[in-house]
Structures are given as C-alpha cells and as structure tokens.
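Inspection log for the structure reproduced underneath, given as structure tokens.
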Amino acid sequence: MARNVSTRRKIVVTVVAWTIGILIFFPILWTFLTSFKTEAEAIASPPSLFFFDWTTENYHEVQSRSNYFLHFMNSVVVSFGSTLIGLIIAIPSAWAMAFSPTKRTKDVLMWMLSTKMMPSVGVLVPMYLLFRNTGLLDTRTGLVIVLTLINLPIIIWMLYTYFKEIPGEILEAARMDGASLSNEIIYVLTPMAIPGIASTLLLNIILAWNEAFWTLNLSAAKAAPLTAFIASYSSPEGLFYAKLSAASTMAIAPILILGWFSQKQLVRGLTFGAVK
Amino acid sequence: MNLRTFLLGTCSAVALAGLAQAETLTIATVNNGDMIRMQKLTDDFTSKNPDITLEWVTLEENVLRQRVTTDIATKGGQYDIMTIGTYEVPIWAKQGWLLPLDNLGADYDVDDLLPAIRSGLTIDGKLYAAPFYGESSMVMYRKDLFEKAGLTMPDAPTWDFIADAARKITDKSNEVYGICLRGKAGWGENMAFLTATANAFGARWFDENWKPQFDQPEWKYALDFYVKLMNDAGPPGASSNGFNENLSLFQTGKCGMWIDATVAASFVTNPKESTVADKVGFALAPDTGLGKRGNWLWAWNLAIPAGSQKVAAAEKFIAWATGKDYLKLVADKEGWANVPPGTRTSLYANPEYQKAAPFAKMTLDSINAADPKNPSVKPVPYVGVQFVAIPEFQGLGTAVGQQFSAALAGQMSVDDALASAQKLTEREMTKAGYIK
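These protein sequence lines are chains A and B, in that order.
The first sequence begins at 1 in full-length UniProt numbering and counts up by one.
The second sequence begins at 1 in full-length UniProt numbering and counts up by one.
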C-alpha cells in the first residue's frame with residue numbers, strides 16, 4: 001500500500017542518499033582525477049580538484065611499461081571462468097538444499113560458510129606446494145580453480161536464499177507433468193530465478209576480478225591478472241600516485257562499465273524477496 | 001621416404017632445436033625508477049643474446065618480498081632471477097637457497113664493487129648476489145632556511161646541532177617544520193631509521209648473548225631524543241609518515257631537514273617534481289661523538305635461486321645488468337644523473353658522473369662509513385645496520401616499530417614503549433631459541 005510521504009521528508013531522504021552516494025563514489029573520482037595529474041600535482045597541498053594541467057602522460061607511461069591487454073585477458077578469463085564453473089556446481093547444490101532439505105542441510109551451509117572465515121594466508125604454503133606439484137603455478141587454470149573454490153560458498157548461499165523464495169509447488173507441478181530432474185532445474189527453476197542468478201553472477205565476477213591475494217601469490221608472468229598490474233605501480237620509495245591512479249583507473253574501468261550496464265539486474269537481484 | 005617428408009622432418013627438427021635453445025628468463029623485480037629503466041633498456045641485452053628472452057614480474061616491495069619468499073622457501077621455481085635486499089641475502093645464502101655467482105665473466109671486475117656493499121653480499125668468501133643499486137642515508141636540508149636562520153650545516157653534523165637547528169627553523173604558522181623523520185610503524189619504515197640512529201647513540205638490539213637491550217639507558221636516551229625532537233620540530237601526524245610522505249613534505253617545501261635514503265637526493269633535486277630543487281644541501285648522517293653515525297646500508301641485488309635450470313643464462317643477464325657497461329649504457333641513453341648509484345667504485349671516480357650528480361660524494365662517503373658487521377658502538381652478534389639479519393626480524397621489527405610509533409603519537413610514554421618492546425623481544429627470542 002502506498003504511503004503519503006511529505007515533501008520535506010523526500011528532500012531529506014534525497015539529500016542523505018546523494019551525500020552517501022558521493023561519499024562512496026569520491027575515492028574513485030579522486031583516483032580518476034589524480035590519474036590526469038603530474039606526480040608533483042598529485043602530492044600538491046592543498047590539492048586542486050579540477051583546475052590543473054590535465055595530462056595523459058601517466059596513461060602513456062603505463063601503456064609503454066606494461067602489457068595491459070595480457071593482464072586484462074587474464075582477469076576476464078579468471079573471473080568469468082571461475083564464476084561460470086561455480087554456478088554450474090552451485091545451482092544443483094542450492095536446489096538440493098532449498099527444495100529437499102535434510103536434517104543436516106543447515107550444518108552443511110554453515111560449514112561451507114566457515115571456510116570463508118579462515119585467513120587466506122594461513123593456507124598459502126600448502127596451496128603453493130599443491131600448485132607447484134601439479135604444475136598449476138602461474139596458469140589461468142590454476143587461478144580459475146582456486147577462485148571457484150573460494151567463491152563457491154558465497155554463490156551457493158546466495159542461490160539458496162533466492163531459491164527459498166520460489167514456491168516448491170511450482171516445481172512439484174512440473175514434476176507432475178512428467179519433467180525430469182534436469183528438465184525441472186533447467187526449464188522451470190532457472191528461468192524463475194534469473195534475477196537472483198544474474199546478481200550472483202555479477203557479484204561473483206566483481207569479487208573474482210578484485211581478488212588480490214591468491215591471484216598475486218599464485219601467478220608470476222604469464223597468468224598475472226590486473227591485480228598484479230596494479231601492484232607493479234606502487235612503490236615505497238619514490239612518487240607513484242599519479243601513475244598508480246592511471247593503472248587503477250584502467251584496471252577498474254571494465255568492471256565499472258559492466259556494473260553500470262547491469263545495475264538494474266544487480267539491484268533487482270539483491271533486493272529480490274525483500275518486499276513480499 | 002620422399003623428399004617432401006624429409007624436408008618437413010628436417011624443418012620440424014630445426015624448429016624444435018630452436019625452441020629448445022631459446023631460453024626465457026623470468027625476473028622478479030621491485031618497482032623503483034632504476035629497475036624500470038633497466039626493463040626499458042633490455043633490448044641491448046637481447047640483441048647481444050638473441051637466444052634469451054626476458055619476462056618481467058614487477059611488484060611493490062612488500063608484495064615482492066612475500067612472493068619471492070614463498071617461492072624460494074617452497075622451491076616453487078617460478079623465477080630464474082630474483083631481486084632481493086641486503087637483509088635477505090645472508091639469511092637465504094645460509095639456508096642454501098641461493099647459488100654463488102662464480103661465473104660472471106672475466107670482465108665483470110668484481111673488485112670494483114663498493115667494499116661495504118660487497119661485504120654484505122658475501123658469505124664465506126662467496127658472492128651470492130650482485131648489487132644493482134645501493135644506498136645509505138644522509139641529511140638533506142634546505143640551504144635557504146639555514147641561511148635565513150643564520151646557521152651553517154657542517155659536513156658531518158652532530159645530533160645536538162641537528163636538534164638545535166630543527167627547533168630554530170620550525171615555523172609552524174607557515175607550515176615549515178624543522179625536521180621530517182620516519183614515524184610509520186614497520187621494520188623497513190620507522191625501525192630502519194631508528195635502528196640506524198640508535199647505533200649513533202650507542203644503543204644496540206642485542207648484546208653478545210642475544211639478550212634484548214631495550215631496557216638499557218642508551219635506548220631510552222635515543223628514543224626520548226627522537227620523540228621530543230619530533231614533537232617540537234616535526235610535522236603533525238608524523239607517526240604515519242614513511243619515506244614517501246616525507247618526500248612529499250620536503251618537495252613541497254615543508255621540511256627544513258630530512259634524514260633518509262640517499263636515493264631521495266635525486267628526487268628532491270629534480271625540478272620536475274620538487275619545488276625546492278635548487279635549494280637542497282647534503283650532509284652525513286649525524287652522530288653523538290661516540291664514533292658511529294646512524295647511516296644505514298641497503299642494496300637491491302640480483303640473485304639466482306638454487307635449483308634453477310637456467311643458471312648460465314641467468315648469470316649472463318646479471319653480469320650485463322650489474323656490470324660497468326650497463327652504467328655507460330644508461331649514461332648514453334638517459335644521462336649520467338640517471339645511472340643506478342651505490343654499487344661501483346669506478347662510477348664515483350668518473351668526473352662526468354660527479355658533475356651530473358652533486359650528491360655523489362656524500363652518497364659514497366655515507367656508504368663507505370656504514371659497517372654492517374660492526375654497526376654499533378658496542379659489539380653485536382648480528383649483521384646489519386638498520387636491521388638485524390635474522391629471519392625473525394621482520395616480525396620483531398614491526399612489532400617494536402608499533403610501540404615506538406605509538407610513543408611518537410603520544411599514545412604511550414617512551415618508558416612504556418621500551419618496556420613493552422623489551423618484553424615482546426625477549427619472548428620472541430626465547431621462543432626462537434636464541435635465548436637459552
């Protein structure tokens with residue numbers, strides 16, 4: 001039921017929302033602006049917001065120093081690959097837990113989540129040895145595997161929550177009509193859960209894109225994604241803020257654009273089931 | 001076998017042989033100006049060695065350290081050449097993780113390497129890493145501010161003079177602070193500076209039996225001096241300042257003096273980056289009359305991990321990158337001021353270099369004055385001026401650095417910080433088996 005909202009309240013809410021929005025967006029804007037400054041202007045105090053000599057020198061420098069395209073392709077393969085494989089495993093698992101739960105389903109879910117609670121560095125050496133022995137060090141395949149495993153609990157949890165919102169009777173009706181298990185999942189459940197699956201997909205691509213511990217530690221020259229590209233522009237000795245900002249802007253631009261175009265899906269998926 | 005099959009087979013065999021000969025060296029390196037310059041100049045190496053191709057992994061110092069340590073400790077074999085610091089070389093060489101560099105070629109002239117730097121990389125008479133660039137620490141100061149205050153900086157100042165001058169120059173209303181020093185917690189941050197400085201005050205990390213010495217009067221004197229000086233004449237928020245923060249402050253004209261790595265000299269005198277480029281003077285790191293100056297010694301070096309399959313190619317590359325001809329190559333392409341400093345005696349004898357780098361003599365004197373084997377006034381059981389070359393030091397140095405940073409920020413007293421440093425160091429050293 002619609003409520004009457006006073007104009008004053010609307011203004012307050014709008015102002016608060018914009019303030020929060022700008023606060024969240026400001027670091028990205030600042031990075032973007034800094035990437036067009038010279039190193040001297042980047043550290044100038046007080047800093048100038050828009051009125052400085054705009055230069056694209058940092059982008060030229062980054063282009064000439066690094067193979068951006070190689071890192072970009074690695075990021076694409078690793079984040080999309082790990083998310084898609086994750087979804088293929090997670091959809092049946094979430095289906096099982098949502099529609100035919102057993103006594104231990106809750107425990108299994110909690111156990112899966114608990115794997116996220118361990119600090120990654122705690123298993124760095126065993127993982128490194130496993131990767132070394134299987135020849136997976138510095139390969140895209142290795143990174144896809146590790147990111148799939150890392151994000152699988154989140155994918156399953158998100159899908160489980162969405163699937164729970166779907167009435168089991170619809171699936172039952174499909175079964176009555178003679179649908180097999182795979183048909184039920186592919187033709188009935190999946191289309192109904194599309195907003196949820198889409199937002200899970202997007203969120204996990206973003207998480208995998210930004211994952212900077214394993215991708216840095218398990219890659220060297222060949223499979224290094226954009227996280228390694230950024231890490232090569234920070235330095236404890238010497239000025240690097242403008243070049244680092246240019247590298248960061250180049251690294252986040254693709255995922256920012258993807259997020260921009262899919263924000264409708266993302267918001268719909270994330271608030272799915274919130275109003276019932 | 002007809003002719004076509006024969007030709008095809010021969011071609012494949014030749015191609016395979018070619019593939020087998022072309023070696024790819026993967027080089028892990030740190031992101032600093034000199035290393036980046038080297039990457040750009042590698043065409044010179046590959047044109048002389050067409051059978052070797054190079055792949056670079058450039059990382060920020062801390063990420064690089066974690067990355068290469070994991071790889072070498074697990075014998076991962078991801079890198080054929082690693083860039084490591086003077087802290088790692090003695091530890092890794094003793095572990096048998098590095099190969100001695102015995103075959104750098106007849107014209108490498110190993111005796112030309114600066115003795116102080118070379119000694120830090122030599123274990124049991126063998127060179128385990130070749131220095132690419134070396135540095136010490138020194139005082140950088142603003143000549144104009146000193147003149148205005150009627151002060152003259154001696155070539156070899158004392159800490160009392162520095163403190164007095166810093167307080168006189170400070171003009172907080174105009175955001176000019178007499179002295180900028182590191183305060184950010186970390187073994188390579190504030191503890192690099194404080195460990196080196198403490199040497200000049202007669203303090204040391206451990207006595208000959210590895211007993212921590214933070215409860216001794218020398219440390220109290222040193223830390224008290226530092227905290228009081230920074231409170232009176234340092235910039236606000238100094239407890240979060242590291243090299244880059246102080247560099248920014250100095251370059252924007254907010255520091256009267258800055259004591260830090262000699263490599264900073266080329267940044268603060270670069271008119272493209274610095275607003276005070278033509279007003280900077282240099283002096284040796286200060287002392288307290290006890291015979292030691294608080295100037296450290298650091299070098300970034302190239303080393304070959306043990307178990308490497310491409311030793312001959314790696315040695316060729318290291319000989320190229322750290323040899324005399326490389327210095328000439330950089331000078332020809334980018335000018336003498338951009339030559340990596342601090343590794344070779346011949347560079348400092350070169351009049352062209354002396355002309356291009358006004359800080360050359362001070363850098364050489366600072367490096368020569370550092371003695372990693374006898375860093376402090378009293379004897380110590382360890383090697384290292386601004387660090388203690390034991391594997392535990394990274395963790396210990398950072399933990400102690402946090403206490404000292406808190407003392408600088410006023411969150412705890414100097415006495416409490418030292419007591420807590422003493423306690424935690426004793427605990428760690430007992431656990432590690434140094435203290436029986």
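No residue lacks a Cβ here, since even glycine has one placed at the ideal position from N, Cα and C.
A quick note: this is a predicted structure, and the numbers were derived from the prediction, not measured.
Within the segment 115-141 of chain A, those residues whose Cβ lies closer than 7 Å to any Cβ of chain B are, in chain order, L124, V125, Y128, L129, R132, L137 and D138.
C-alpha of Q354 of chain B to C-alpha of E334 of chain B: approximately 16 Å in a straight line. A Cβ-Cβ distance of about 4 Å is found for the pair A208 of chain A and S79 of chain A, placing them in contact under the 8 Å criterion.
The beta carbon of S234 of chain A sits closer than 8 Å to some beta carbon of chain B.
Nearest in C-alpha terms to Y87 of chain B, of all of B:F45, B:Q402, B:A233 and B:P372, is B:P372.
For the segment 132-161 of chain B, no residue has a beta-carbon sitting nearer than 7 Å to a beta-carbon of chain A. A straight-line Cα-Cα distance of about 7 Å links I123 of chain B and A93 of chain B. When rounded, the separation of the alpha-carbon atoms in A264 of chain B and A321 of chain B is 22 Å.
Any Cβ of chain B closer than 8 Å to the Cβ of L33 of chain A would place that residue at the interface, and such an atom is absent. According to the DSSP assignment, S82 of chain A belongs to the alpha helix (DSSP H) that extends over Y68 to F99. Approximately 18 Å separates the beta-carbon atoms of S346 of chain B and D34 of chain B; this is outside 8 Å, ruling out the contact. Taking a Cβ-Cβ threshold of 7 Å, the residues of chain A close to S248 of chain B are I43, in chain order.
Under the DSSP assignment, E55 of chain B falls in the beta strand (DSSP E) whose first and last residues are I52 to L59.
For T38 of chain A, the secondary structure class from DSSP, reduced to helix, strand or coil, is coil. For L136 of chain A, the secondary structure class from DSSP, reduced to helix, strand or coil, is coil. Within chain B, the residues whose beta carbon sits less than 8 Å from that of A221 of chain A are T26, E55, W56 and V57, listed in sequence order. Residues of chain B whose Cβ lies closer than 8 Å to the Cβ of N217 of chain A are, in chain order, Q66, R67 and T70. Beta bridge pairing from DSSP links L302 of chain B with B:T83 and B:A130. Counting only the Cα atoms, F45 of chain B lies some 13 Å from V330 of chain B.
The beta carbons of G294 of chain B and A306 of chain B sit no closer together than 8 Å. Identification of chain A residues near F243 of chain B by a Cβ-Cβ cut-off of 7 Å yields P236 and E237, ordered along the chain. In this structure, the CA atom of K48 of chain B is about 10 Å from the CA atom of T42 of chain B.
About 15 Å separates the Cβ atoms of A156 of chain B and M257 of chain B, ruling out a contact at the 8 Å cut-off.
Residue contact with chain B for E39 of chain A: present (Cβ-Cβ distance below 8 Å to some residue of chain B). Taking all protein chains in view, the Cβ of H71 of chain A is crowded by 16 or more other Cβ atoms within 10 Å, so the residue is classified as buried. Chain B has no Cβ within less than 8 Å of the Cβ of A246 of chain A.
When rounded, the separation of the alpha-carbon atoms in A399 of chain B and F387 of chain B is 13 Å.
Selection A:F69, A:F240 and A:A253 evaluated against E273 of chain B yields A:F240 as nearest (Cα-Cα).
With a threshold of 16 other beta carbon atoms within 10 Å, M176 of chain A falls short and is exposed. Counting along the chain, L226 of chain A sits inside the alpha helix (DSSP H) bounded by residues L226 to A231. Pairing S366 of chain B with T262 of chain B, the inter-Cα distance amounts to about 8 Å. Listed in chain order, the positions of the segment 71-103 of chain B with a beta carbon within less than 9 Å of a beta carbon of chain A are D71, A73, T74, K75, G76, G77, Q78 and Y79. Taking 8 Å as the upper bound for CB-CB distance, D260 of chain B and Q422 of chain B are not in contact here, some 27 Å apart. Identification of residues in the segment 64-77 of chain A having a C-beta nearer than 7 Å to some C-beta of chain B yields R65, given in sequence order. Taking C-beta atoms as the reference points, V139 of chain B and F282 of chain B count as a pair closer than 8 Å. Rounded to the nearest whole angstrom, the CA to CA distance from A220 of chain A to N301 of chain B is 19 Å.
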